[in-house]
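Participant: Provided herewith is a single structure, encoded as structure tokens, for subsequent inquiry.
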Amino acid sequence: MSNPTFSRLQNIFTLSGIKAYLLIRKGRKKIETGDFESALAAIQIVIQNDPRNYLAYYYRGLVKLDQKDYLGAIEDLSKSISYRPSYAEAYLLRGNALFQLKQYPEALKELDKSIELNPSLAQAFTYRGNTKFEMNDLKGALIDFTNSLQMDPYDAVTLCNRGNLKLQLEDHRGALHDFNQAIKLDPRYAVAYVGRGNAKLKIGSQSGAELDWLKAEKLQHMAEERVFSKSDS
């Protein structure tokens, strides 16, 4: 014979879980559209009702990271990890927050852990490559960027990172190839034109370099105009 009290409690917990899931999904969508205030409001409801919800702390940490509240992000991501120690994405973001604070050895440990837990997380290799670059481990950074691009070959940012690294390693033609690929993927990515201009200069094409730098300047100006027009509306 079933216990009616247990059945009612089971329904409550199920409904509570569904509500938390829907609120977190709402928060995630708000983050994607840049509506961080609404995202935080939805996530806060989850935390108030379920203080051990690791995803809620993860997404609140993500918002704080975007808002450059790196210490606040680390605090939330640490809570997320305490409730789900196997959540690779939380280590990735905590590593990114530490990277932004220029705590590179600590960031490296977090990213190592993220990759250990999920070796198919391309972004973790990119962030670890950035960290190794700052620590002057250029060959290690190159390996990480390449591993990331093998998993996600359509990441223009990582292509540019690898291109800039190849410039430092004097692989000018390899750098040019990476910048060309980045521009194919994102023709409005000003940073890629700057990098390609630098690569062209290194291989002796000053006129080509100047054209790319002018293009980058124009794209940057257009981006700034879009920001101003949004703030005026």
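Note that our numbering has the sequence shown beginning at 151, numbered continuously upward.
No residue lacks a Cβ here, since even glycine has one placed at the ideal position from N, Cα and C.
#1: By alpha-carbon positions, which one of Gly324, Tyr339, Ala189 ends up nearest to leucine 205?
#2: Measure the Cβ-Cβ separation of glycine 290 and serine 264 and say whether it is below 8 Å.
#3: Take the Cβ of lysine 350 as the centre, count every other Cβ of all protein chains shown within 10 Å, and call the residue buried at 16 or more, exposed below.
#4: On a CA-only basis, which of Val196, Glu320, Val307 is nearest asparagine 330? Give me that one, please.
#5: Count the other CB atoms within 10 Å of the CB of alanine 257; is the residue buried (16 or more) or exposed (fewer)?
#6: Given a cut-off of 8 Å, decide if isoleucine 224 and alanine 238 are closer than it, judged by their beta-carbon atoms.
#7: What is the DSSP secondary structure of asparagine 268, counted as helix, strand or coil?
#8: Quick one: using the 10 Å Cβ neighbour count with 16 as the cut-off for buried, is glycine 345 buried or exposed?
#9: Going along the chain, which residues of its own chain have a beta-carbon closer than 7 Å to the beta-carbon of isoleucine 162, five neighbours each way excluded?
#10: Between the beta-carbon of lysine 316 and the beta-carbon of glycine 324, is there less than 8 Å?
Facilitator: On the basis of the data shown:
#1: Sequence index remark: in the sequence shown, residue 205 carries index 55 (1-based). For the residues Gly324, Tyr339, Ala189, the minimum Cα distance to leucine 205 belongs to Ala189.
#2: Along the sequence shown, read from residue 1 onward, the residue named residue 290 stands at position 140. Along the sequence shown, read from residue 1 onward, the residue named residue 264 stands at position 114. Contact: no.
#3: Mapped onto the sequence shown, residue 350 falls at position 200. Flag for lysine 350 reads buried.
#4: Residue 330 sits at position 180 when you count from the first residue of the sequence shown. If we check each option's Cα against that of asparagine 330, Val307 comes out closest.
#5: By one-based count along the sequence shown, residue 257 stands at place 107. Its Cβ being crowded by 16 or more others within 10 Å, alanine 257 is buried.
#6: Here residue 238 refers to the residue found at position 88 of the sequence shown. Here residue 224 refers to the residue found at position 74 of the sequence shown. Not a contact, by the Cβ cut-off of 8 Å.
#7: The sequence position of residue 268 within the sequence shown is 118, counting from 1. Residue state, collapsed to three classes: coil.
#8: The sequence position of residue 345 within the sequence shown is 195, counting from 1. Label assigned to glycine 345: buried.
#9: Your numbering for residue 162 matches position 12 in the sequence shown. Note that isoleucine 162 scores a pLDDT of 33, beneath 50, so its modelled location is shaky and nothing firm can be said.
#10: Here the question's residue 316 lines up with position 166 in the sequence shown. Here the question's residue 324 lines up with position 174 in the sequence shown. Yes. Within cutoff.
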